[in-house]
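Everything below concerns the one structure shown next.
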Amino acid sequence: MRGWLSLTLGLLAVVIGAVWTVQGLGYVSGSLMTDERVWAVLGPLVSLAGLVVLWFGLRSRRRT
């Protein structure tokens with residue numbers, strides 16, 4: 064079970080970051096985040112952090 068938590072959290076962060084990005088860019092309507100520049104900036108940052116967490120999770124699983 065080593066690394067499962069970090070893999071799950073990393074994947075979740077990547078998905079949330081992607082959703083925030085498309086909302087911030089205005090591709091998804093019906094939200095307070097639509098066409099807001101702050102979400103278009105924070106989304107990729109959250110996705111990048113998620114990729115880093117995923118990378119660490121994969122590294123910890125390979126060491127076994």
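So our numbering is basically just the index in the sequence shown, starting at one, shifted up by 63.
Each residue gets a CB set at the ideal place from its N, CA and C atoms; glycine is no exception.
- With contact defined as three or more Cβ pairs closer than 8 Å, the segment 67 to 76 and the segment 88 to 108 are not in contact.
- Between V109 and G87 the beta-carbon gap is near 11 Å, outside 8 Å, which marks them as no contact.
- Sequence-distant partners of W102 (beyond 5 residues in either direction) whose C-beta falls short of 6 Å from its own C-beta, in its chain, are W83, Q86, G87, M96.
- One Cα belongs to V78, the other to D98, and the distance between them is close to 19 Å.
- In the structure shown, G66 adopts coil according to DSSP, grouped into three states.
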